[in-house]
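Note that my numbering has the sequence shown beginning at 2, numbered continuously upward.
Beta carbons: idealized from backbone N, C-alpha and C, even for Gly.
Note that the coordinates shown come from a computational prediction; the quantities given were computed from them, not determined experimentally.
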Amino acid sequence: MKKTICIRTYLTWFSVCIIAFCILEIPFGFAEDESGILSRKGEIKNRLNNMSMLIKSIDNITREIEAHQVDLQSQSGIGREQDLRIQIQELSNRKEEMEASFSQLATDVDTRKDQEDKKTGVDWQRELKELVGPLIREVKKITAHPREIERLRNQVEAYETQLPRIEKAIQNINILLSHTKEDPLVVKLKQSRQIWQNRFDEVKTNMNISRRNLDLRLDQRKTISESAREFMQIFFKSRGRNLIIAFLSFVFTIGFFFYLHGHIRKISPIHKSQRSVYTRFFDILYYSLTIIAAMLSVFAVLYVFGDWLLLSIAAIFLIGIGWASKQAIPLVWTQARLLMNLGPVKEGELVIYRGLPYEVASLNLYTRLVNKALNGGEQKIPIKDLLDMRSRPIAKDEPWFPTNCWDWVVLKDQTHGRVVVQTPEAVKLELLGGALVTLKTQDFLSASPRNLSRGFRLWIPFGLDYAYIDQITETIPVLFQKEILSGLKAKGFGDCVEQITVQFKTAGPNSLDLEVLADCNREAGPNYEILQRVIPGICVDICNKNNWVVPVNQVRVHMAK
Numbered sequence: 002m003k004k005t006i007c008i009r010t011y012l013t014w015f016s017v018c019i020i021a022f023c024i025l026e027i028p029f030g031f032a033e034d035e036s037g038i039l040s041r042k043g044e045i046k047n048r049l050n051n052m053s054m055l056i057k058s059i060d061n062i063t064r065e066i067e068a069h070q071v072d073l074q075s076q077s078g079i080g081r082e083q084d085l086r087i088q089i090q091e092l093s094n095r096k097e098e099m100e101a102s103f104s105q106l107a108t109d110v111d112t113r114k115d116q117e118d119k120k121t122g123v124d125w126q127r128e129l130k131e132l133v134g135p136l137i138r139e140v141k142k143i144t145a146h147p148r149e150i151e152r153l154r155n156q157v158e159a160y161e162t163q164l165p166r167i168e169k170a171i172q173n174i175n176i177l178l179s180h181t182k183e184d185p186l187v188v189k190l191k192q193s194r195q196i197w198q199n200r201f202d203e204v205k206t207n208m209n210i211s212r213r214n215l216d217l218r219l220d221q222r223k224t225i226s227e228s229a230r231e232f233m234q235i236f237f238k239s240r241g242r243n244l245i246i247a248f249l250s251f252v253f254t255i256g257f258f259f260y261l262h263g264h265i266r267k268i269s270p271i272h273k274s275q276r277s278v279y280t281r282f283f284d285i286l287y288y289s290l291t292i293i294a295a296m297l298s299v300f301a302v303l304y305v306f307g308d309w310l311l312l313s314i315a316a317i318f319l320i321g322i323g324w325a326s327k328q329a330i331p332l333v334w335t336q337a338r339l340l341m342n343l344g345p346v347k348e349g350e351l352v353i354y355r356g357l358p359y360e361v362a363s364l365n366l367y368t369r370l371v372n373k374a375l376n377g378g379e380q381k382i383p384i385k386d387l388l389d390m391r392s393r394p395i396a397k398d399e400p401w402f403p404t405n406c407w408d409w410v411v412l413k414d415q416t417h418g419r420v421v422v423q424t425p426e427a428v429k430l431e432l433l434g435g436a437l438v439t440l441k442t443q444d445f446l447s448a449s450p451r452n453l454s455r456g457f458r459l460w461i462p463f464g465l466d467y468a469y470i471d472q473i474t475e476t477i478p479v480l481f482q483k484e485i486l487s488g489l490k491a492k493g494f495g496d497c498v499e500q501i502t503v504q505f506k507t508a509g510p511n512s513l514d515l516e517v518l519a520d521c522n523r524e525a526g527p528n529y530e531i532l533q534r535v536i537p538g539i540c541v542d543i544c545n546k547n548n549w550v551v552p553v554n555q556v557r558v559h560m561a562k
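Below you can see the structure in the form of structure tokens.
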């Protein structure tokens with residue numbers, strides 16, 4: 002109930018406000034009408050005065066034309082025929098301009114614009130003019146108002162510049178008249194003053210007309226927001242609608258042809274087998290026809306709606322693309338050969354892209370390259386990037402990357418770690434203790450990584466004194482081999498080593514050198530550095546157990562006799 006009362010109260014107050022506004026608006030409306038009538042009367046009076054001055058100027062110019070024509074036909078005009086004809090033509094043009102101004106003031110309609118449109122045209126060849134004409138006319142139509150304002154401003158400035166010069170000329174003639182009393186000279190000066198006076202009246206009248214027209218154009222000028230709103234309304238009523246429908250037609254045509262292509266691939270016998278040259282040729286031809294059909298649909302829509310402006314723009318755009326593509330024909334042909342699998346890069350083969358091997362999984366406008374050994378090892382690159390590449394058949398055991406994730410590696414700077422991430426851009430290593438090292442993929446490959454996860458061998462040298470020269474080749478190697486295996490098992494590394502071999506290597510300057518060869522399996526990868534310390538330690542334990550002397554470098558001094 003309360004809600005109903007509130008709504009009624011609001012409606013009552015709203016009705017009172019509307020009635021009060023209407024009552025208050027009526028006097029102001031009458032006042033505006035009265036002021037409008039008064040300003041209209043003043044404007045009409047001003048126009049009549051300008052028309053009267055124009056009639057006087059037209060009569061004066063007519064008399065000047067008649068006087069020049071008389072001079073042209075008389076004896077005094079001999080030798081001045083060309084100058085007189087030029088003056089008569091200039092006066093005739095001024096007379097036509099004044100008559101047009103008089104007609105404009107009388108009718109308030111400017112007919113000179115229509116006459117200029119009839120005289121002027123696009124000075125091109127006929128075919129090009131018919132094509133570009135609608136676009137030029139539309140641009141002229143859009144810019145007509147500001148161009149007209151600029152033209153009127155230039156006219157007013159020109160007339161304002163002429164008036165002081167004419168006034169100065171009349172003043173100079175009056176000064177001469179005040180200082181002479183010779184009848185022929187006085188008559189001639191008065192004639193000259195009358196000519197300049199007529200010209201002053203003419204220029205002043207034209208300036209007043211131009212100022213009036215400029216004020217009218219400025220009053221008709223709209224704000225940017227109003228012009229934009231009006232432009233958008235007009236645009237979407239006609240050309241905007243045509244443009245949207247043409248765009249939808251383009252998209253629909255492409256979608257329909259792609260949908261049809263999907264069904265063709267299902268039933269076509271050439272698409273059921275592996276992609277052959279004929280299949281690729283058919284697809285390229287089909288895609289080309291799709292683009293052509295889509296462009297034709299745009300032209301058809303614009304032609305049906307009779308929108309010659311957008312049709313001209315579309316035609317110019319298409320011609321521009323064709324002209325720009327003239328230089329690209331060899332490049333397009335090379336790319337077409339690649340798409341048909343007839344180029345230097347073939348589908349199913351190996352290419353080197355940014356220093357890494359990839360398999361060409363599919364050749365299309367965006368070719369798919371795959372390296373299964375890398376995280377994120379699938380690349381989609383435009384077909385133009387393949388122009389400088391060469392492919393080769395893939396070998397049976399092709400090495401796609403020297404490591405896999407979780408492999409243990411040793412770099413040439415003796416960095417020892419486990420690969421946790423390897424991508425086309427970077428490789429991340431986890432060192433013992435948990436520290437992480439990130440290398441660029443190319444830097445990682447340049448470091449010659451040694452993969453320990455498939456097994457490895459350690460070469461460990463060890464020397465004994467020359468006192469055991471009679472046992473160094475047979476007895477001692479067998480004993481070392483047996484004791485090293487036992488020591489590794491005792492220290493928990495027995496499962497890491499597949500085989501231990503001890504051999505006599507060489508007789509050095511101070512020692513008899515043995516070499517311990519430890520063949521380790523894939524489980525020994527994390528213990529690479531530890532084994533290099535454990536095995537020499539076991540060798541020292543063996544020497545202590547058997548009381549064998551480990552030699553040291555000695556300095557011998559030979560005394561001269």
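Problem - Contact belief for LEU92 with GLU65 at Cβ below 8 angstroms, rounded distance in angstroms - result: 6 angstroms
Handout entry: Which residues DSSP lists as bridging PRO358, in chain order
Key = ILE353
Practice task
Go ahead and label VAL333 buried or exposed: buried means 16 or more other beta carbons lie within 10 angstroms of its beta carbon, across all protein chains shown.
Solution key: exposed
Practice task
Could you round the C-beta distance between LEU370 and GLN380 to whole angstroms and report it? I think they count as a contact, below 8 angstroms.
Solution key: 4 angstroms
Handout entry: Span separating the alpha-carbon of LEU518 from that of PHE457
Key = 10 angstroms
Exercise for the section: Using three-state DSSP, classify LEU319 as helix, strand or coil. Expected result: helix
Exercise for the section: Tell me whether SER313 is buried or exposed, calling it buried when 16 or more other Cβ atoms sit within 10 Å of its Cβ. Expected result: buried
Exercise for the section: Look at the alpha carbon of CYS563 and the alpha carbon of GLY435, and state the distance between them as a whole number of angstroms. Expected result: For the chain, the structure presents residues 2 to 562; residue 563 sits outside this window and is missing.
Practice task
Specify whether the region 151-164 and the region 198-218 touch according to this definition: at least 3 beta carbon pairs, one from each stretch, less than 8 angstroms apart.
Solution key: yes
Exercise for the section: Kindly list the residues whose CB is nearer than 6 angstroms to the CB of HIS264, restricted to its own chain and excluding five residues on each side of it in sequence; keep chain order. Expected result: none
Practice task
Indicate whether CYS497 and GLU524 have their beta-carbon atoms separated by less than 8 angstroms.
Solution key: yes
Practice task
Could you check which residue in ALA396, ALA508, GLY349, TRP401 has the C-alpha nearest to that of LYS373?
Solution key: TRP401
Practice task
Have a look at LEU190 and ASP72 and give me their C-alpha separation to the nearest angstrom.
Solution key: 19 angstroms
Handout entry: ALA247 classed as buried or exposed, judged by whether at least 16 other C-beta atoms fall within 10 angstroms
Key = buried
Problem - Alpha-carbon spacing of LEU311 relative to GLY321, whole angstroms - result: 15 angstroms
Problem - Straight-line Cα distance separating TYR287 from VAL305 - result: 26 angstroms
Exercise for the section: Taking 8 angstroms as the threshold, find out whether the region 339-357 comes into contact with the region 388-401 through three or more Cβ pairs. Expected result: yes
Problem - GLU98 and ILE59 closer than 8 angstroms at C-beta - result: no
Problem - CA-to-CA distance, GLN198 to GLY122, given in whole angstroms - result: Confidence at GLY122 is low in this model, with a pLDDT of 46, below 50, so its placement is unreliable and the value that follows should be read with caution. Cα to Cα, GLY122 sits roughly 38 angstroms from GLN198.
Exercise for the section: Could you spell out where the alpha helix (DSSP H) holding TYR160 opens and where it closes? Expected result: 145-179
Handout entry: Own chain, CB closer than 8 angstroms to LYS506, minus 5 neighbours either side, in chain order
Key = PRO462, ASP514, LEU515, GLU516
Handout entry: Same chain, Cβ closer than 6 angstroms to THR254, five either side skipped, listed in chain order
Key = ALA294, ALA295, SER298
Exercise for the section: Could you say which of ILE330, PRO331, ALA329, PHE300 lies nearest to PHE318 if we only look at CA atoms? Expected result: PHE300
Handout entry: Per-residue burial, SER102 [other beta carbons within 10 Å of its own, 16 or more giving buried]
Key = buried
Exercise for the section: For my contact list, LEU388 and THR368 are in at a C-beta cut-off of 8 angstroms; report their separation, rounded to the angstrom. Expected result: Going by Cβ atoms, the distance from LEU388 to THR368 rounds to 11 angstroms, so no, they are not a contact pair.
Practice task
May I have the straight-line CA-CA distance separating ILE150 from LEU244, to the nearest angstrom?
Solution key: 32 angstroms
Exercise for the section: Give a yes or no on whether the minimum CB-CB distance between GLN156 and chain B is below 8 angstroms. Expected result: Any reference to chain B falls outside this structure, which holds one protein chain only.
Practice task
Between the Cα of LEU571 and those of ASP184, ASN209, ILE87, GLY356, spot the shortest distance and give me the residue it belongs to.
Solution key: Outside the displayed span of the chain (2 to 562) sits residue 571, for which this structure offers no information.
Handout entry: Cβ neighbour criterion (16 or more within 10 Å) applied to ARG281
Key = buried
Practice task
Determine the burial state of GLN172: buried for a count of at least 16 other Cβ atoms within 10 Å of its Cβ, exposed for fewer.
Solution key: exposed
Exercise for the section: Could you pull the start and end residues of the alpha helix (DSSP H) that THR442 belongs to? Expected result: 442-447
Handout entry: 8 angstroms Cβ shell around LEU446 - same chain, five flanking residues per side excluded
Key = GLY356, PRO403
Exercise for the section: Identify, in the order they occur along the chain, each residue of the same chain with its Cβ nearer than 8 angstroms to the Cβ of GLN504, setting aside the five sequence neighbours on each side. Expected result: PRO478, LEU515, GLU516, LEU518
Problem - Buried versus exposed, by CB contacts within 10 Å (16 or more), LEU364 - result: buried
Practice task
Could you tell me the distance, in whole angstroms, from the CA atom of TRP409 to the CA atom of LYS397?
Solution key: 25 angstroms
Problem - Inter-residue spacing [alpha-carbon to alpha-carbon] between PRO270 and PHE258 - result: 19 angstroms
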